[in-house]
Amino acid sequence: MFVHTYERGAGLTPSCGSGVAASRAVLSRLGLVEPERPVTVRNPGGVARSLLQPVGDLWQPLLEGNATLVYEAELDPAVLLGDGPVEFSGEVNMAEIGAFAELSRENLKVLSDAGIKPTEI
119 MFVHTYERGA
129 GLTPSCGSGV
139 AASRAVLSRL
149 GLVEPERPVT
159 VRNPGGVARS
169 LLQPVGDLWQ
179 PLLEGNATLV
189 YEAELDPAVL
199 LGDGPVEFSG
209 EVNMAEIGAF
219 AELSRENLKV
229 LSDAGIKPTE
239 I
């Protein structure tokens, strides 16, 4: 399944968890997929899996996807209350950025091979 989400005020977004979960729910509302069956959902920003967990008469959406830690920083929370500039030290995680870039290339190739050409974001 391919989902490309338009968010009011933001335009087309690379990825949207609530859009993925809602689109996945539609498949079950239409009777096309059992709620508990995980569905892989692709969007320009990556790949996620979603399923619906029955809770009484309702469905609770569950979403699985990767998280990429691109930067780690330390700061004194007290400086957030001041008027001056916030100073912090940190480190870019190039390995994570590289790993995500590879996943992104693979995802866009799968989409392209399927004839899907996401709008540039």
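Going letter by letter, the sequence shown gives residues 119 to 239 in our numbering.
Ideal Cβ placement from N, Cα and C applies to all residues, glycine included.
Treat the numbers as computed from the prediction; the structure is a model and nothing was measured.
Within the segment 166-193, note down every full beta strand (DSSP E) run reaching 3 residues or more, in order along the chain. 176-183 and 189-192
Terminal residues of the alpha helix (DSSP H) in which arginine 147 lies: As a first step, residue 147 is located in the sequence shown; it is residue number 29 there, counting from the start. Start and end: 135-147.
Could you tell me which of Glu190, Ala139 and Glu209 sits nearest to glutamine 178, measuring between CA atoms? Here residue 178 refers to the residue found at position 60 of the sequence shown. The residue with the shortest Cα to Cα distance from glutamine 178 is Ala139.
Let me know if arginine 223 comes out buried or exposed under the rule of 16 or more other beta-carbons within 10 Å of its beta-carbon. Within the sequence shown, numbered from 1, the residue matching residue 223 stands at position 105. Flag for arginine 223 reads exposed.
What's the C-alpha gap between glycine 202 and alanine 196? Working through the sequence shown from its first residue, we reach residue 202 at position 84. Working through the sequence shown from its first residue, we reach residue 196 at position 78. Each residue's alpha carbon lies about 11 Å from the other.
Contact check, asparagine 225 vs glycine 164 under 8 Å by CB: the rounded distance? One-based indexing of the sequence shown puts residue 225 at position 107. One-based indexing of the sequence shown puts residue 164 at position 46. About 6 Å separates the Cβ atoms of asparagine 225 and glycine 164, confirming a contact at the 8 Å cut-off.
For glycine 163, does the three-state DSSP call read helix, strand or coil? Residue mapping note: residue 163 aligns to position 45 of the sequence shown, counting from 1. Coil at glycine 163, not helix or strand.
C-alpha gap between alanine 219 and valine 159, whole angstroms: As a position in the sequence shown, residue 219 is number 101, starting the count at 1. As a position in the sequence shown, residue 159 is number 41, starting the count at 1. So the alpha carbons of these two residues sit roughly 18 Å apart.
Rounding to the nearest angstrom, what Cα-Cα distance links valine 173 and glycine 149 in this structure? For the purposes of this step, residue 173 is identified with residue 55 of the sequence shown, where counting begins at 1. For the purposes of this step, residue 149 is identified with residue 31 of the sequence shown, where counting begins at 1. Taking the straight line joining both Cα atoms gives about 18 Å.
In chain order, what residues of the same chain lie with their CB nearer than 6 Å to the CB of threonine 131, ignoring the 5 residues before and after it? Here residue 131 refers to the residue found at position 13 of the sequence shown. The residues are Thr123 and Glu125.
Only counting the same chain, and skipping five residues up and downstream in sequence, which positions put a Cβ closer than 8 Å to that of valine 157? One-based indexing of the sequence shown puts residue 157 at position 39. So the list reads Met119, Arg142, Leu145, Val151, Arg167, Ser168 and Leu169, once near-sequence residues are dropped.
Mind checking which residues open and close the alpha helix (DSSP H) that includes valine 228? In the sequence shown, the residue the question calls residue 228 occupies position 110. Run containing valine 228: 212-231, per the alpha helix (DSSP H) assignment.
DSSP on valine 121, reduced to helix/strand/coil? As a first step, residue 121 is located in the sequence shown; it is residue number 3 there, counting from the start. Correct three-state label for valine 121: coil.
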